[in-house]
Amino acid sequence: MNSVVVLPLVSKEYRLLANRLGILANEQSDALSDFILSESNSLIALSPVDKNRGGSIHCDFLAPGFQRYLSSVTRKSLIAKACGLKGEGAPSILDISAGLGKDALSLASLGAQVSMVEANPYVYLLLYSGIHTLKQSSLALSSNISLLACQDAKTVLSQSDRAYEVIYFDPMFPERKKSAKVKKEMQYFHQVVGEDHNQPDEIFTEAVKQARKRLVIKRPKGSDFYADQKPNYSLESKVIRYDIYLNFVE
Ligand SMILES: C[S@@+](CC[C@H](N)C(=O)[O-])C[C@H]1O[C@@H](n2cnc3c(N)ncnc32)[C@H](O)[C@@H]1O
182 MNSVVVLPLV SKEYRLLANR LGILANEQSD ALSDFILSES NSLIALSPVD KNRGGSIHCD
242 FLAPGFQRYL SSVTRKSLIA KACGLKGEGA PSILDISAGL GKDALSLASL GAQVSMVEAN
302 PYVYLLLYSG IHTLKQSSLA LSSNISLLAC QDAKTVLSQS DRAYEVIYFD PMFPERKKSA
362 KVKKEMQYFH QVVGEDHNQP DEIFTEAVKQ ARKRLVIKRP KGSDFYADQK PNYSLESKVI
422 RYDIYLNFVE
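My numbering puts the last residue of the sequence shown at 431; the count rises by one with no breaks.
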C-alpha cells in the first residue's frame with residue numbers, strides 16, 4: 182500500500198475514530214508520501230500528493246451530482262434487479278465491500294435496508310464522514326443505511342446468523358492500467374486498497390451460507406466466476422456482470 186500523510190482532523194469524533202483505526206496524524210510528510218488524508222467541510226478526503234494524478238476522493242452523498250445519480254437509479258436498474266428489488270419489496274442487504282458507498286446508497290435509495298462493511302481504515306474514514314453528514318440531513322434515505330464497525334467481512338458474516346436476505350459483494354477488480362475509461366481517482370483508489378486480498382473459497386462459502394435469499398457478486402464482464410462458482414444466473418451490462426447465487430433454504 183502506498184504511504185498516506187494524515188493531516189490533523191478538525192472534528193473530535195473523526196480524530197477519535199482515526200486513532201481507533203490506527204491512523205495517526207503524521208503531518209511530517211516525507212518526500213515519498215503518495216496521498217494526503219484531510220478534513221474539509223465535515224468530509225474526509227483522500228488526495229494524491231501529485232495533483233496530476235487526479236482530484237480528491239470523498240463521499241459527498243449530499244452533492245447535487247450524487248443526488249442526480251441516485252435519482253437515475255430505479256428498480257429497473259441492473260443492480261436492483263440483481264438484488265431482487267421487485268415491486269414494493271425492501272429486502273435487508275449486507276454490503277460486505279462497501280468501498281465509497283455508491284452501490285449501497287443506490288440500493289438504499291430504492292427502499293432496501295442496507296448495512297455496510299468496510300475493512301480498509303482509510304476508505305472507512307471517508308465513508309464514515311459521508312454517512313455522518315448524510316445522517317444529519319433530512320433525507321429519508323439516511324434511515325435506510327447503516328455503517329457497521331470497521332472490520333473484515335468474514336467477522337461480520339461469521340456472526341450474522343442469517344440476518345440478511347441479500348449479501349452483496351463487489352471485490353476489487355484487477356487494475357486496468359491502460360484503460361482510459363478508468364477515472365484517475367479510481368486508479369489511485371486501487372492503489373490505496375490494493376488487489377482483492379480475500380481467500381475466494383472462504384468468503385464465498387461463508388457469504389452464500391449466510392444470505393437468506395441470494396448472494397450477488399459484481400464482476401468485470403468477461404471475467405471468471407468468483408471462487409470458480411457457477412451462479413444460478415447472471416445479469417450483464419457493457420462492462421460489468423452481476424452473478425446471482427440463489428439460496429432457497431429457509
Ligand atoms: C470495488 S470496492 C467496492 C466499491 C463499492 N461497491 C462502491 O459502490 O463504492 C471494494 C471494497 O471492498 C473492501 N473489501 C474487500 N474485501 C473486504 C472484506 N473482506 N471485508 C471488508 N471490506 C472488504 C475494499 O477495502 C474496498 O474498499
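Idealized CB from N, CA, C, for every residue including glycine. On a predicted model such as this, the values are computed, not experimentally measured, just so you know.
For R422 and K394, which I take to be in contact (beta-carbon distance under 8 Å), what is that distance rounded to the nearest angstrom?
Numbered from its first residue, the sequence shown carries residue 422 at position 241. Numbered from its first residue, the sequence shown carries residue 394 at position 213. At roughly 20 Å, the Cβ-Cβ gap does not stay under 8 Å, so R422 and K394 are not in contact.
Go ahead and pull the three-state DSSP assignment for I238.
The residue labelled residue 238 in the question sits at position 57 within the sequence shown. Strand at I238.
A392 and I348 closer than 8 Å at C-beta
To locate residue 392, count along the sequence shown from 1; it is residue 211. To locate residue 348, count along the sequence shown from 1; it is residue 167. Cβ distance < 8 Å, so A392 and I348 count as in contact.
Would you identify the three-state DSSP class for L224, choosing helix, strand or coil?
As a working mapping, residue 224 is identified with position 43 in the sequence shown. Shown here, L224 sits in a strand according to DSSP, grouped into three states.
Are the CB atoms of R196 and L202 within a distance shorter than 8 Å?
As a first step, residue 202 must be located in the sequence shown, where it is residue number 21. As a first step, residue 196 must be located in the sequence shown, where it is residue number 15. No, the Cβ-Cβ distance between L202 and R196 is not below 8 Å.
Check whether the Cβ of P302 lies closer than 7 Å to any heavy atom of ligand 1, and answer yes or no.
Indexing the sequence shown from 1 puts residue 302 at position 121. Taking the Cβ of P302 as the reference point, every heavy atom of ligand 1 lies at 7 Å or farther away.
For F370 versus I204, is the C-beta distance shorter than 8 Å?
Stepping through the sequence shown from its first residue, residue 370 is reached at position 189. Stepping through the sequence shown from its first residue, residue 204 is reached at position 23. Taking 8 Å as the Cβ cut-off, F370 and I204 do not qualify as a contacting pair.
Could you spell out where the alpha helix (DSSP H) holding F385 opens and where it closes?
For the purposes of this step, residue 385 is identified with residue 204 of the sequence shown, where counting begins at 1. For F385, the uninterrupted alpha helix (DSSP H) run begins and ends at 381-391, by DSSP.
Give a single yes or no on whether K232 has its beta carbon closer than 7 Å to a heavy atom of ligand 1.
For this step, residue 232 is matched to residue 51 along the sequence shown. K232 Cβ: outside cutoff for every heavy atom of ligand 1.
Look up V295 in the DSSP assignment and give the residues it is bridged to.
Here residue 295 corresponds to residue number 114 of the sequence shown, with the count starting at 1. Residue pairing by DSSP places V295 opposite I274, I326 in a beta bridge.
Short of 8 Å in beta carbon distance, which residues of its chain neighbour E431, apart from the five on each side in sequence? Order them along the chain.
For the purposes of this step, residue 431 is identified with residue 250 of the sequence shown, where counting begins at 1. Its pLDDT being 47, under 50, E431 is placed unreliably by the model, and the measurement read from it follows with that caveat. Non-local beta-carbon contacts of E431 in its own chain, meaning distances under 8 Å to residues more than five positions away in sequence, involve R393 in chain order.
Could you name the residues that DSSP lists as bridge partners for K365?
Within the sequence shown, residue 365 is the residue found at index 184, counting from 1. Answer is none; K365 lacks a bridge partner.
Under the rule that 16 or more other beta-carbon atoms within 10 Å means buried, what is D342, buried or exposed?
In the sequence shown, residue 342 corresponds to position 161, counting from 1. Classified as exposed, D342 has fewer than 16 neighbouring CB atoms from the shown chains inside 10 Å of its CB.
To the nearest whole angstrom, what separates the beta carbons of L266 and A293, a pair I think is in contact under 8 Å?
As a first step, residue 266 is located in the sequence shown; it is residue number 85 there, counting from the start. As a first step, residue 293 is located in the sequence shown; it is residue number 112 there, counting from the start. Your pair L266 and A293 checks out as a contact, with CB atoms roughly 6 Å apart and the cut at 8 Å.
Considering only C-alpha positions, which residue in the set L427, P355, L306, N200 is nearest to A279?
Residue mapping note: residue 279 aligns to position 98 of the sequence shown, counting from 1. Measuring C-alpha to C-alpha distances from A279 to each of L427, P355, L306, N200 identifies L306 as the nearest.
Do you know offhand how far I425's Cα is from A263's?
Residue numbering aside, residue 425 sits at position 244 when the sequence shown is read from its first letter. Residue numbering aside, residue 263 sits at position 82 when the sequence shown is read from its first letter. So the two alpha carbons sit approximately 7 Å from each other.
Given that a residue counts as buried once 16 or more other Cβ atoms are within 10 Å of its Cβ, and exposed if not, what is D382?
Locating residue 382 in the sequence shown gives position 201, counting from the first residue. It is exposed - the Cβ of D382 has fewer than 16 other Cβ atoms within 10 Å.
So, helix, strand or coil for V455, using DSSP?
Since the first residue shown for the chain is 182 and the last is 431, residue 455 is missing from the structure and cannot be characterised.
Cβ distance (whole Å) where E387 is taken to contact L329 below 8 Å:
Here residue 387 is taken as the residue at index 206 of the sequence shown, counted from 1. Here residue 329 is taken as the residue at index 148 of the sequence shown, counted from 1. That pair is no contact at about 16 Å.
Go ahead and pull the three-state DSSP assignment for K399.
Taking the sequence shown and counting its residues from 1, one reaches residue 399 at position 218. Taken through DSSP and simplified to helix, strand or coil, K399 comes out as strand.
Can you list, in chain order, the residues of its chain with a C-beta nearer than 6 Å to that of C240? Leave out the 5 residues immediately preceding and following it.
Here the question's residue 240 lines up with position 59 in the sequence shown. L281, G282, L307, L308, G311.
Using 8 Å for Cβ pairs, my map puts P352 next to C331. What's the rounded Cβ distance?
Here residue 352 refers to the residue found at position 171 of the sequence shown. Here residue 331 refers to the residue found at position 150 of the sequence shown. So it is not a contact: roughly 18 Å between Cβ atoms.
Throw me the rounded Cβ distance for the L218 and V187 pair, which I believe falls under 8 Å.
The residue you call residue 218 lines up with position 37 of the sequence shown. The residue you call residue 187 lines up with position 6 of the sequence shown. Sure, about 5 Å apart at Cβ, within 8 Å.
Which residue's Cα is closest to the Cα of V298: N207, F385, A334?
In the sequence shown, the residue the question calls residue 298 occupies position 117. In this structure, A334 is the residue among N207, F385, A334 with its C-alpha nearest to the C-alpha of V298.
Cβ pair V374, V420 closer than 8 Å
Position 193 of the sequence shown, counted from the first residue, corresponds to residue 374. Position 239 of the sequence shown, counted from the first residue, corresponds to residue 420. V420 sits away from V374, with the two beta carbons spaced by 8 Å or more.
Could you check whether V295 and I277 sit closer than 8 Å to each other, using their CB atoms as the reference points?
Here the question's residue 277 lines up with position 96 in the sequence shown. Here the question's residue 295 lines up with position 114 in the sequence shown. Against a cut-off of 8 Å, the Cβ pair of V295 and I277 comes out as no contact.
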